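Residue numbers (this note's numbering): 422 to 555.
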């Protein structure tokens, strides 16, 4: 059983279920946190890895939540990531959680895949949750 966050359809970072074999942004280009994004000092995303290729033992997968002031993400203001390597015991299917302090209005999911023939699948959707300041 996987721990699940509350699911807000306005905070979906990736809605695809196909395997990702190259470095790419999620299927949802970005989420606009709005002009008052500073009111959300913490954003946590749940990433459910349902399949990951590790057979060649040289694959690496860096899954990141990034924020930026612009929708093209030329300048990343803050990021949080996790690295899964084929040689690590952590490169397994399951739920991963990333937290980021948004320093920009726009939020996206980005995965960087490397190795002989990497392939990772995120089952269903990647949801973000915002937490307001006190």
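Even for Gly, the Cβ is constructed at its ideal location relative to N, Cα and C.
All values reported here derive from a predicted model rather than from experimental measurement.
- Just measuring C-alpha positions, the residue of 534, 441, 464 sitting nearest residue 524 is 464.
- Checking the DSSP bridge columns, you'll see residue 489 partnered with 497, 527.
- With respect to residue 542, residue 440 sits close: the two C-beta atoms are nearer than 8 Å.
- Pairing residue 485 with residue 502 gives a Cβ-Cβ distance under 8 Å.
- Rounded to the nearest whole angstrom, the CA to CA distance from residue 488 to residue 478 is 31 Å.
- Pairing residue 526 with residue 481, the inter-Cα distance amounts to about 29 Å.
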